[in-house]
Amino acid sequence: MDYWIIELIAYAIFAILLVVSLVHLAWAFGMAWPAKQRDMLVPTVVGLPKEKPMPPAVLTVVVAFAITCLGVVALWGAGVISVSGFAGVKGWALLGVAAIFSVRGIVTYFPISPFKSAAEPFRSLNRRYFSPLCLLLSAGYTAIFLGL
Numbered sequence: 001m002d003y004w005i006i007e008l009i010a011y012a013i014f015a016i017l018l019v020v021s022l023v024h025l026a027w028a029f030g031m032a033w034p035a036k037q038r039d040m041l042v043p044t045v046v047g048l049p050k051e052k053p054m055p056p057a058v059l060t061v062v063v064a065f066a067i068t069c070l071g072v073v074a075l076w077g078a079g080v081i082s083v084s085g086f087a088g089v090k091g092w093a094l095l096g097v098a099a100i101f102s103v104r105g106i107v108t109y110f111p112i113s114p115f116k117s118a119a120e121p122f123r124s125l126n127r128r129y130f131s132p133l134c135l136l137l138s139a140g141y142t143a144i145f146l147g148l
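Counting from 1, one number per residue, gives the positions in the sequence shown under this note's numbering.
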């Protein structure tokens, strides 16, 4: 595969994950989207009943940071950025992230899944958007790996 395609995939992954990260930061600071009201955010994006609280803001910020780091792995894997001393684990890092996104994406469609008991509208959003996005990201990381 041409290098420019691998680079484009890495930039696309980074952009997608940066947006996801920024949305998590916005939730940590009170944004309700995609729910209309803040009390509907938990069943919409976490999958828990409306009565449950949103995860703590500090945890949501940590998740946002981790998501951004996964985007940086894509750029590193494609050679867009350099991380000294870790070149020997680049392939393993790409495969590991691809596996994480694969498992997260596939488990939704298993007959026995932790998401089967999730609250609506999360369950439907997960099947329609969240899990397919995870599978697409996994494919992107795999393509970058194959381009090494």
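Glycine included, every Cβ here is placed at the ideal spot set by N, Cα and C.
Output the boundary residues of the alpha helix (DSSP H) element that contains residue i.
i: Tyr-11; result: 3-28
i: Leu-137; result: 131-146
i: Lys-90; result: 90-106
i: Leu-75; result: 57-77
i: Arg-123; result: 122-125
Given a threshold of 16 other Cβ atoms within 10 Å of its Cβ, counted over all protein chains shown, does residue i qualify as buried or as exposed?
i: Trp-76; result: buried
i: Trp-4; result: exposed
i: Trp-27; result: buried
i: Pro-111; result: exposed
i: Ala-13; result: Per the sequence shown, residue 13 should be read as Ile rather than Ala. Flag for Ile-13 reads buried.
i: Val-89; result: exposed
i: Gly-47; result: buried
i: Ser-117; result: exposed
i: Val-45; result: buried
i: Ser-131; result: buried
Tell me which same chain residues have a C-beta within less than 7 Å of the C-beta of residue i, skipping the five on either side of it?
i: Leu-70; result: Leu-17, Val-97
i: Leu-95; result: Phe-145
i: Thr-60; result: His-24, Trp-27, Ala-28
i: Arg-123; result: Gly-47, Phe-115
i: Val-63; result: His-24
Could you name the residues of the same chain whose beta carbon sits closer than 6 Å to that of residue i, not counting the 5 residues immediately before and after it, in chain order?
i: Ala-78; result: Ile-6, Glu-7, Ala-10, Ile-144
i: Phe-115; result: Thr-108, Asn-126
With a threshold of 9 Å between beta-carbons, can residue i be considered close to chain C, or not?
i: Lys-36; result: Within the model displayed, chain C is absent; a lone protein chain is all it includes.
Would you kindly work out how many angstroms separate the C-alpha atoms of residue i and residue j, rounded to a whole number?
i: Ile-100; j: Ala-139; result: 11 Å
i: Ala-93; j: Val-73; result: 7 Å
i: Val-20; j: Met-31; result: 13 Å
i: Leu-133; j: Ser-84; result: 30 Å
i: Pro-43; j: Ser-113; result: 17 Å
i: Leu-41; j: Glu-51; result: 11 Å
i: Leu-135; j: Tyr-129; result: 10 Å
i: Val-103; j: Phe-86; result: 25 Å
i: Ala-35; j: Pro-121; result: 10 Å
i: Gln-37; j: Ala-57; result: 17 Å
Leaving out the 5 sequence neighbours to the left and right, which residues in its chain are closer than 8 Å to residue i when beta-carbon positions are compared?
i: Met-1; result: Ala-143, Leu-146, Gly-147
i: Thr-68; result: Leu-17, Leu-18, Ser-21
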